[in-house]
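Novice:
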Amino acid sequence: MSNKTITVGIVGGGRVGVSFAKILGQKQNVSVTGIVTSTPKRQRELNEQLGVEAFGTIDEMLEKDNKPQIVCVVNANDAHAEATLKALEADCHVYLEKPMAPTLEECVRIVEAEKRSKGQLQVGFEYIHGTMTGRVRALLREGYFGEPL
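For the sequence shown, the residue numbers in the working numbering are 137 to 285.
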């Protein structure tokens, strides 16, 4: 197993973004380098709650010396395209929460940006708050599956 640390930035300071930050922050060889949320009050709350630097824009996060290698875009659907395009233009890998964007035009722009980027795009759906996922986590805690590797 590699000792290299993977740096991750999160765009979205709501429930999903906070969940991502908490889970990723517990992983070995993963460092959450920042979280983006628009209001200064929420930035202060997230900085205190998560112990990660909070930014008002993705541009601020990407301008850091410690720019993330991976950006998780989990903000409001209508803001997906802007954040994803900026992250891909900065050659970051992007995990983009579905839907990609509200319009086909924005989705096409995202796909074209990935083609030009050194980063890769993954579009998915986090099931962290789903009932099945919660049950699997409970079974893991109870030792039902043994020790996962």
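Using N, Cα and C, we set each Cβ at its ideal position, and we do this for glycine too. Remember, it's a predicted structure, so these values are computed and weren't measured experimentally.
1. For Asp227, collect the residues of the same chain with a Cβ closer than 8 Å to its Cβ; drop the 5 residues on either side in sequence, then sort them by chain order.
2. Check this for me: beta carbons of Gly161 and Leu186, under 9 Å apart or not?
3. Pull up the distance between the alpha-carbon of Ala217 and that of Val147, whole angstroms please.
4. Given a cut-off of 9 Å on the beta-carbon distance, is the pair Arg245 and Leu276 in contact?
5. Just reading off the alpha helix (DSSP H) that Leu285 is part of, what are its end residues?
6. Identify whether Ala237 lies in helix, strand or coil by the three-state DSSP scheme.
7. Verify whether the separation of the beta carbon atoms of Ile206 and Glu189 is less than 9 Å.
8. DSSP state of Thr220, grouped into three classes?
9. Determine the direct distance from the alpha carbon of Phe281 to that of Val166, and round the result to whole angstroms.
Specialist: Reading off the structure:
1. Residue numbering aside, residue 227 sits at position 91 when the sequence shown is read from its first letter. If we look at Asp227 and ignore the five residues flanking it on each side, its Cβ neighbours are Ser253, Lys254 and Gly255.
2. Counted from its first residue, the sequence shown places residue 161 at position 25. Counted from its first residue, the sequence shown places residue 186 at position 50. Yes, the Cβ-Cβ distance between Gly161 and Leu186 is below 9 Å.
3. In the sequence shown, the residue the question calls residue 217 occupies position 81. In the sequence shown, the residue the question calls residue 147 occupies position 11. Rounded to the nearest angstrom, the gap between the Cα atoms of Ala217 and Val147 is 12 Å.
4. Reading the sequence shown from its first residue, position 109 is the one you call residue 245. Reading the sequence shown from its first residue, position 140 is the one you call residue 276. Not in contact: Arg245 and Leu276 (Cβ atoms no closer than 9 Å).
5. Position 149 of the sequence shown, counting from 1, holds the residue named residue 285. Per DSSP, Leu285 lies in no alpha helix (DSSP H) segment and is marked neither H nor E.
6. For the purposes of this step, residue 237 is identified with residue 101 of the sequence shown, where counting begins at 1. Of the three classes helix, strand and coil, the one that applies to Ala237 here is coil, per DSSP.
7. Residue mapping note: residue 206 aligns to position 70 of the sequence shown, counting from 1. Residue mapping note: residue 189 aligns to position 53 of the sequence shown, counting from 1. It is not a contact, given that the beta carbons lie outside the stated cut-off.
8. What you label residue 220 is simply residue 84 of the sequence shown in a count that begins at 1. In this structure, Thr220 counts as helix in the three-state DSSP scheme.
9. Here residue 166 corresponds to residue number 30 of the sequence shown, with the count starting at 1. Here residue 281 corresponds to residue number 145 of the sequence shown, with the count starting at 1. If you take the alpha carbons of Val166 and Phe281, they lie about 25 Å apart.
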